[in-house]
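Input: a single structure, listed below in structure tokens.
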Amino acid sequence: MVNRLRTGIDVLDRKLDGGIPAGSIVALTAQPASQAELFLYELTATRGTLWLSLDRTAESIVASIEQTPANTGDPTVRHISGEAPLDNAGKLVSALPETSNLIVDPLDVLEAQEPPSRFRAFMNDLQNHIVNTGSLAILHCLDGRDVPPLRDTTEHFADVVFQLKTTTTGDEVENRLAVPKFRAGRAPSDVIKLDLVEEVSIDTSRDIA
């Protein structure tokens with residue numbers, strides 16, 4: 001039996017037969033103006049988590065986690081700055097302990113580094129360490145106005161791809177989650193309509209489609 005790691009989001013774990021296989025890299029693609037961070041916050045409640053921030057300060061992320069009404073954990077948050085983010089991120093990843101969560105938020109900063117071969121080397125090292133430790137890596141990929149050209153590389157490396165789409169229809173905000181790629185199992189064929197207000201849950205106000 002493949003060891004499954006819970007995401008902390010019950011609806012997803014049921015759809016994925018208990019969770020995501022240990023040793024997996026997950027690419028979570030979402031618009032910047034969305035509630036995608038709720039996925040990351042709730043993931044921290046499942047097991048020890050190292051959160052690498054390439055954008056917001058560590059203090060800002062910790063404050064957001066403490067303020068969210070959802071069930072969360074107490075992650076170790078590190079802000080990566082400077083001129084060598086790939087090297088700095090790689091050093092922290094190499095120290096990730098057994099059966100942990102790794103969150104990279106957002107991955108876009110690393111995808112934009114030159115030359116592209118350095119990003120591929122980082123992803124290969126990441127994949128090896130996640131497999132060796134039986135951990136779970138969640139890469140927050142902003143799907144906005146300026147998507148890095150190496151996004152295809154990221155999604156090819158990823159074992160699982162979550163695509164969160166947020167649209168405004170009339171006076172309602174709709175969130176739909178698709179799982180088009182699930183390398184180690186059967187990907188759900190349906191799109192899940194979610195309610196992303198205070199926590200991640202199924203939107204029961206309309207039919208699931």
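Note that full-length UniProt numbering has the sequence shown beginning at 1, numbered continuously upward.
Built from N, CA and C at the ideal position, the CB exists for glycine as well.
Inter-residue spacing [alpha-carbon to alpha-carbon] between residue i and residue j
| i | j | result |
| --- | --- | --- |
| THR76 | ASN88 | 15 Å |
| ARG206 | THR168 | Model confidence at ARG206 stands at a pLDDT of 48, short of 50, so the residue's coordinates are unreliable and nothing is read from them. |
| VAL93 | ALA36 | 23 Å |
| ALA137 | PRO69 | 24 Å |
| GLY73 | GLU83 | 31 Å |
| LEU150 | PRO116 | 7 Å |
| ASP143 | ASN3 | 30 Å |
| THR166 | ARG176 | 7 Å |
| LYS193 | LEU43 | 19 Å |
| ARG78 | ALA45 | 18 Å |
| LEU107 | ASP171 | 32 Å |
| PHE119 | GLY23 | 19 Å |
| THR153 | ALA63 | 32 Å |
| LEU28 | VAL104 | 10 Å |
| ARG56 | LEU196 | 21 Å |
| ILE61 | ARG183 | 31 Å |
| LEU38 | VAL191 | 18 Å |
| TYR41 | CYS141 | 15 Å |
| ALA33 | VAL131 | 32 Å |
| VAL11 | VAL200 | 9 Å |
Counterpart residues of residue i in DSSP-defined beta bridges
| i | result |
| --- | --- |
| GLN113 | Answer is none; GLN113 lacks a bridge partner. |
| GLU174 | THR167 |
| SER53 | HIS79, ASP105 |
| HIS140 | LEU28 |
| PHE162 | LEU28 |
| ILE20 | LEU5 |
| VAL200 | LEU196 |
| PHE182 | VAL160 |
Span of the beta strand (DSSP E) around residue i
| i | result |
| --- | --- |
| ASN101 | 101–105 |
| ASP195 | 192–196 |
Contact belief for residue i with residue j at Cβ below 8 Å, rounded distance in angstroms
| i | j | result |
| --- | --- | --- |
| VAL157 | GLN127 | Before going further, note that residue 157 is Phe rather than Val in the sequence given. That belief holds up - the Cβ atoms of PHE157 and GLN127 are roughly 6 Å apart, short of 8 Å. |
| SER53 | ILE80 | 7 Å |
| LEU86 | PHE122 | 5 Å |
| VAL147 | PHE162 | About 16 Å separates the two Cβ atoms, so there is no contact after all. |
First and last residue of the uninterrupted alpha helix (DSSP H) at residue i
| i | result |
| --- | --- |
| GLU42 | 37–43 |
| ASP13 | 10–15 |
| ASP74 | Taken as a continuous stretch (DSSP letters only), ASP74 belongs to no alpha helix (DSSP H), as it is neither H nor E. |
| LEU96 | Neither: LEU96 is in no alpha helix (DSSP H) and is coded neither H nor E. |
| ASP152 | 151–157 |
| GLU59 | 58–67 |
Worksheet entry | Three-pair Cβ contact test at 8 Å for the segment 178–191 versus the segment 12–20 | yes
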